[in-house]
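Colleague:
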Amino acid sequence: MGRTPNTKGLPAEHLSSVLAATLDPALVLRRYEGALSIVGGNEAWTKLAGKGTQQLVRNPPEVCMSPKLAEAVTRAIDGGIDTPMAIKAANDHLVGSQVVELHLVGFEPDTTQQFIMLTARQALASPAAERAVVATDPLTGLATRESFVEGLQVMVSGVEPTQLSVAFLDIDNFKTINDALGHDQGDLVLQTIAQRLDQALGKGGIVARFGGDEFVVAQANSVDSGHAELMFLLTQVFADPLALGNKEFHVSASIGIATTSDASRMRPDAIIKAADVAMYEAKRQGKDRVEVYDETLEVKATERLELESDLRLALEREEFVLHYQPVLDVISGRPTGAEALVRWLHPERGMVPPDEFISLAEDTGLIVPLGTWVLETALAQANEWNQQRLTRRALGISVNLSGVQLGDPNLEQIVHAALSRSGFDPAKLTLEVTESVLMNDADDAMATLARLRTVGVGIAIDDFGTGYSSLAYLKQFRAKSLKIDKAFVDGLGTNPEDTALVTGIVGLAGALGLEIVAEGVESDLQLRELRRLGVEYSQGYLHSRPLENDDFVAWLADQHPSKRARGAELPDVPPTAIGTPATLPAPIRDRFEEEPVVAPLKFLDRFPEHETG
149 MGRTPNTKGL PAEHLSSVLA ATLDPALVLR RYEGALSIVG GNEAWTKLAG KGTQQLVRNP
209 PEVCMSPKLA EAVTRAIDGG IDTPMAIKAA NDHLVGSQVV ELHLVGFEPD TTQQFIMLTA
269 RQALASPAAE RAVVATDPLT GLATRESFVE GLQVMVSGVE PTQLSVAFLD IDNFKTINDA
329 LGHDQGDLVL QTIAQRLDQA LGKGGIVARF GGDEFVVAQA NSVDSGHAEL MFLLTQVFAD
389 PLALGNKEFH VSASIGIATT SDASRMRPDA IIKAADVAMY EAKRQGKDRV EVYDETLEVK
449 ATERLELESD LRLALEREEF VLHYQPVLDV ISGRPTGAEA LVRWLHPERG MVPPDEFISL
509 AEDTGLIVPL GTWVLETALA QANEWNQQRL TRRALGISVN LSGVQLGDPN LEQIVHAALS
569 RSGFDPAKLT LEVTESVLMN DADDAMATLA RLRTVGVGIA IDDFGTGYSS LAYLKQFRAK
629 SLKIDKAFVD GLGTNPEDTA LVTGIVGLAG ALGLEIVAEG VESDLQLREL RRLGVEYSQG
689 YLHSRPLEND DFVAWLADQH PSKRARGAEL PDVPPTAIGT PATLPAPIRD RFEEEPVVAP
749 LKFLDRFPEH ETG
């Protein structure tokens with residue numbers, strides 16, 4: 149049980165004199181064990197609040213002030229009031245544009261409770277006073293953008309040339325935090341991070357909230373230590389999990405640091421911009437990391453800005469094309485479908501690598517219209533192949549989904565509309581989602597995948613083995629297939645560890661009733677191992693690189709049984725490995741007997757970079 153508060157409280161005569169000392173609306177609060185209660189208020193405040201004096205006393209502050217103002221007051225008190233402090237709750241429906249000042253009431257010290265007076269008055273007249281009002285962020289109590297810039301100038305004025313480091317921080321995946329936990333908990337995350345940053349920097353630095361989930365800090369340091377000290381302090385801020393309710397969450401940030409060796413000649417806007425550029429590089433490199441600014445990053449940032457501008461026009465200008473990488477049945481060698489891979493043929497830059505423009509499209513939200521175009525184009529093209537009967541059995545098509553697309557509430561409708569327009573069989577469409585994207589927000593991902601399955605499409609977990617899947621979640625995702633990442637296929641037949649990992653994945657997939665596709669197959673030895681282990685499908689440069697549509701159709705024609713027997717037969721697999729055709733399970737035996745096993749079409753050229761889709 150808590151301690152009993154001082155029942156005498158603030159003497160009545162002292163309270164009266166305090167409230168009579170101002171003609172502005174005034175309210176006196178008592179702070180006891182962290183809780184605020186109202187001691188009294190003058191007539192001007194009761195008119196402002198629309199409450200009588202008796203309705204105020206010993207009630208929570210929310211009775212006569214908005215929750216937003218009450219929170220701002222609490223944060224200000226927590227920070228300590230040494231001198232009268234001005235705060236302003238933006239868009240507050242009670243005090244409007246008025247300024248609220250906090251004063252510690254001059255009463256004999258009491259370690260168990262505090263008495264604080266609030267006064268409300270119109271915005272201060274002097275520019276300096278106005279700046280003091282907006283100098284504090286209402287949510288976190290940190291400095292604002294404007295006061296941060298002023299603080300930088302004060303920090304370096306009148307001192308010997310010294311080194312100054314500025315860091316720009318952006319909380320990773322904050323939208324996901326807000327969506328998953330709610331905005332109230334999201335605000336609490338920001339407040340907790342703000343408090344940790346403020347404590348880490350102490351009096352030797354400046355901390356500001358620049359808006360949203362962005363923070364900026366500055367610290368003067370010796371030339372010897374450079375930015376190392378600041379980097380260490382910031383990484384420690386995010387080292388420990390955040391406690392929200394009865395759960396703990398790990399929150400990370402992308403951090404950019406810029407340093408100047410002569411702070412006295414520093415331009416605040418320039419060093420802040422440099423730190424911002426470094427922060428974006430940290431995000432581009434995968435988030436949860438620190439990048440230090442150098443001039444090459446400025447060049448990259450400029451190029452990225454230009455590329456983003458071009459990307460916004462690329463769809464309209466029809467600069468995107470699809471390439472198709474065949475997927476083959478490992479036993480029969482028969483083509484069963486293809487994976488659609490988008491390529492950007494820039495009029496000046498030439499072929500832009502996917503890892504450059506896909507991440508840019510995700511960051512800008514352009515991945516949604518681009519992904520819709522990819523889906524509609526791939527379905528229309530695959531439907532045309534099947535209408536032309538290029539193969540004995542209808543071909544399937546696989547299309548990749550990004551995390552942004554997976555989070556799009558209209559995804560189900562987009563897929564359904566694309567299928568309807570193309571007339572393509574939903575059962576022949578596979579949507580590929582990487583393992584890491586699925587696990588980023590597993591519960592929401594399961595809900596989205598469940599809606600997609602009602603459309604009749606299959607789901608493949610791409611790059612399997614490179615992420616951190618929970619086996620419990622893997623069962624609930626109810627995917628159609630797993631795609632083994634090229635990193636594990638590379639060592640098949642030569643690296644016992646890779647062979648053991650693939651063997652384990654095959655066993656897991658078999659227990660869950662999942663098909664397996666091996667990516668990045670490049671050698672006959674790898675293909676033999678896949679057959680021996682019981683992997684159903686493969687794709688990679690051994691079969692074909694990704695091809696434009698006309699070349700893909702020509703490749704399919706070259707795979708006809710009357711033509712493709714030009715290659716040498718694959719060496720026999722020992723019967724003890726997979727059994728003779730007569731002893732194989734019926735589905736595999738059917739595939740084995742349908743067509744002779746032949747070597748895949750071989751290319752004379754070898755390509756320097758591998759595309760596994």
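One rule links them: number in this note's numbering = place in the sequence shown (from 1) + 148.
We treat Cβ as the ideally placed atom computed from N, Cα and C, and that holds for glycine.
If you're wondering where the values come from, they're calculated on a predicted model, not measured in any experiment.
Tell me, which residues are paired with residue 694 by DSSP?
Modeller: Numbered from its first residue, the sequence shown carries residue 694 at position 546. Beta-bridge pairing links residue 694 to no other residue.
Colleague: Near residue 546, what residues of its chain come up, given a Cβ to Cβ distance below 6 Å and the 5 sequence neighbours on each side ignored?
Modeller: As a position in the sequence shown, residue 546 is number 398, starting the count at 1. These residues qualify, in order along the chain: 487, 578, 580.
Colleague: Quick check: residue 694 and residue 471, are their CB atoms within less than 8 Å of each other?
Modeller: Counting from one through the sequence shown, the residue named residue 694 turns up at place 546. Counting from one through the sequence shown, the residue named residue 471 turns up at place 323. Result yes, Cβ atoms of residue 694 and residue 471 sit closer than 8 Å.
Colleague: When DSSP builds the beta bridges, which residues end up paired with residue 548?
Modeller: Your numbering for residue 548 matches position 400 in the sequence shown. Answer is 580, bridged to residue 548.
Colleague: Give me, in chain order, the residues of the same chain whose beta-carbon lies closer than 7 Å to that of residue 534; leave out the 5 immediate sequence neighbours on both sides.
Modeller: Residue 534 sits at position 386 when you count from the first residue of the sequence shown. Same-chain partners within the cutoff: 542, 543.
Colleague: Any idea what DSSP makes of residue 718, helix, strand or coil?
Modeller: Taking the first residue of the sequence shown as position 1, residue 718 is located at position 570. Residue confidence for residue 718 is low, a pLDDT of 43 falling below 50, so the modelled location carries little weight and cannot support an answer.
Colleague: Applying the 10 Å Cβ sphere with the 16-neighbour rule, what's the burial state of residue 572?
Modeller: Locating residue 572 in the sequence shown gives position 424, where the first residue counts as 1. With 16 or more other Cβ atoms within 10 Å, it is buried.
Colleague: Where does the unbroken alpha helix (DSSP H) through residue 428 begin, and where does it stop?
Modeller: The sequence position of residue 428 within the sequence shown is 280, counting from 1. Counting along the chain, the alpha helix (DSSP H) containing residue 428 begins and ends at 416-432.
Colleague: Suppose you measure from the CA of residue 326 to the CA of residue 523; what does that come to, to the nearest Å?
Modeller: As a first step, residue 326 must be located in the sequence shown, where it is residue number 178. As a first step, residue 523 must be located in the sequence shown, where it is residue number 375. Rounded to whole angstroms, residue 326 to residue 523 spans 29 Å at the Cα level.
Colleague: Expressed to the nearest angstrom, what Euclidean distance is found between the alpha-carbon atoms of residue 537 and residue 460?
Modeller: The residue you call residue 537 lines up with position 389 of the sequence shown. The residue you call residue 460 lines up with position 312 of the sequence shown. Approximately 37 Å, taken between the alpha carbons.
Colleague: Going by CA-CA distance only, name the one from 562, 666, 324, 655 that's closest to residue 399.
Modeller: As a working mapping, residue 399 is identified with position 251 in the sequence shown. Comparing Cα positions, the closest option is 324.
Colleague: Using CA coordinates, which residue listed in 686, 701, 458, 552 is at the minimum distance from residue 480?
Modeller: Walking along the sequence shown from the start, residue 480 turns up at place 332. Considering only alpha carbons, the answer is 686.
Colleague: Buried or exposed: residue 380, going by 16 or more other Cβ atoms within 10 Å of its Cβ?
Modeller: Within the sequence shown, numbered from 1, the residue matching residue 380 stands at position 232. Answer is exposed; the Cβ neighbour count stays below 16.
Colleague: For residue 180, which residues does DSSP report across the bridge?
Modeller: Position 32 of the sequence shown, counted from the start, is the residue given in the question as residue 180. Note: residue 180 sits in a beta bridge opposite 183, 261.
Colleague: Under the DSSP definition of a beta bridge, which residues are partnered with residue 633?
Modeller: Walking along the sequence shown from the start, residue 633 turns up at place 485. Bridge partners of residue 633: none, in fact.
Colleague: Just to check my reading of the structure: residue 675 and residue 469 have Cβ atoms closer than 8 Å, yes? What is that Cβ distance to the nearest angstrom?
Modeller: By 1-based counting over the sequence shown, the position of residue 675 is 527. By 1-based counting over the sequence shown, the position of residue 469 is 321. That pair is no contact at about 29 Å.
Colleague: What does the Cβ neighbour count give for residue 762, buried or exposed, with the cut at 16 atoms within 10 Å?
Modeller: Residue 762 is absent from the model: the chain starts at 149 and stops at 761.
Colleague: Could you tell me how far apart the beta carbons of residue 517 and residue 463 are, in whole angstroms, since I believe they sit closer than 8 Å?
Modeller: Here residue 517 corresponds to residue number 369 of the sequence shown, with the count starting at 1. Here residue 463 corresponds to residue number 315 of the sequence shown, with the count starting at 1. With 8 Å as the limit, residue 517 and residue 463 qualify as a contact, their Cβ atoms being about 6 Å apart.
Colleague: Going by beta carbon distance, what residues of the same chain come within less than 6 Å of residue 606, once the five residues before and after it are set aside?
Modeller: Position 458 of the sequence shown, counting from 1, holds the residue named residue 606. Closer than 6 Å at the Cβ level, and outside the excluded window around residue 606, lie 578, 628.
Colleague: For the beta strand (DSSP E) that contains residue 536, what are its first and last residues?
Modeller: Counted from its first residue, the sequence shown places residue 536 at position 388. Counting along the chain, residue 536 falls outside any beta strand (DSSP E), and DSSP gives it neither H nor E.
Colleague: What is the residue span of the alpha helix (DSSP H) that residue 323 lies within?
Modeller: The sequence position of residue 323 within the sequence shown is 175, counting from 1. From DSSP, the alpha helix (DSSP H) with residue 323 extends over 322-329.
Colleague: Per DSSP, residue 313 is paired with what?
Modeller: The residue given as residue 313 occupies position 165 in the sequence shown. Partner(s): 367, 407.
Colleague: Can you tell me which residues form a DSSP beta bridge with residue 609?
Modeller: Looking up residue 609 in the sequence shown gives position 461. Residue 609 pairs with 581, 630.
Colleague: Applying the 10 Å Cβ sphere with the 16-neighbour rule, what's the burial state of residue 167?
Modeller: Counting from one through the sequence shown, the residue named residue 167 turns up at place 19. It is buried - the Cβ of residue 167 has at least 16 other Cβ atoms within 10 Å.
Colleague: Look at the alpha carbon of residue 318 and the alpha carbon of residue 642, and state the distance between them as a whole number of angstroms.
Modeller: Position 170 of the sequence shown, counted from the start, is the residue given in the question as residue 318. Position 494 of the sequence shown, counted from the start, is the residue given in the question as residue 642. Rounded to the nearest angstrom, the two C-alpha atoms are 44 Å apart.
Colleague: List the residues that DSSP assigns as beta-bridge partners of residue 487.
Modeller: Position 339 of the sequence shown, counted from the first residue, corresponds to residue 487. Paired residue(s): 473, 546.
Colleague: On the DSSP letters alone, give me the boundaries of the beta strand (DSSP E) that residue 356 sits inside.
Modeller: For this step, residue 356 is matched to residue 208 along the sequence shown. That run of the beta strand (DSSP E) goes 353-359.
Colleague: DSSP three-state call for residue 319: helix, strand or coil?
Modeller: As a working note, residue 319 is residue 171 in the sequence shown. Three-state result, residue 319: strand.
Colleague: By alpha-carbon positions, which one of 505, 512, 359, 343 ends up nearest to residue 292?
Modeller: For the purposes of this step, residue 292 is taken as residue 144 along the sequence shown, with counting starting at 1. Here the closest residue by C-alpha is 359.
Colleague: Once DSSP output is grouped into helix, strand and coil, what is the label at residue 664?
Modeller: Within the sequence shown, the letter at position 516 stands for residue 664. Correct three-state label for residue 664: strand.
Colleague: Exposed or buried, residue 568, counting other C-beta atoms within 10 Å across all chains shown (16 or more means buried)?
Modeller: Here residue 568 corresponds to residue number 420 of the sequence shown, with the count starting at 1. Counting Cβ neighbours within 10 Å, residue 568 comes out exposed, since fewer than 16 surround it.
Colleague: Return the chain-ordered list of same chain residues with a C-beta closer than 6 Å to the C-beta of residue 707, the five sequence neighbours on each side being excluded.
Modeller: Counting from 1 along the sequence shown, the entry for residue 707 is found at position 559. 483.
Colleague: Which residues does DSSP pair with residue 297 in a beta bridge?
Modeller: Taking the first residue of the sequence shown as position 1, residue 297 is located at position 149. DSSP output for residue 297 lists no bridge partner at all.
Colleague: Between residue 475 and chain B, is any beta-carbon pair separated by less than 8 Å?
Modeller: The chain labelled as chain B is not found in the depicted structure, where only one protein chain is given.
Colleague: When the Cα atoms are used, what is the spatial distance from residue 704 to residue 659?
Modeller: Translated into the one-based positions of the sequence shown, residue 704 becomes position 556. Translated into the one-based positions of the sequence shown, residue 659 becomes position 511. For residue 704 and residue 659, the distance between alpha carbons rounds to 33 Å.
Colleague: Tell me, to the nearest whole angstrom, how far the beta carbon of residue 668 is from that of residue 638; I am working on the premise that it is less than 8 Å.
Modeller: The residue given as residue 668 occupies position 520 in the sequence shown. The residue given as residue 638 occupies position 490 in the sequence shown. With 8 Å as the limit, residue 668 and residue 638 qualify as a contact, their Cβ atoms being about 7 Å apart.
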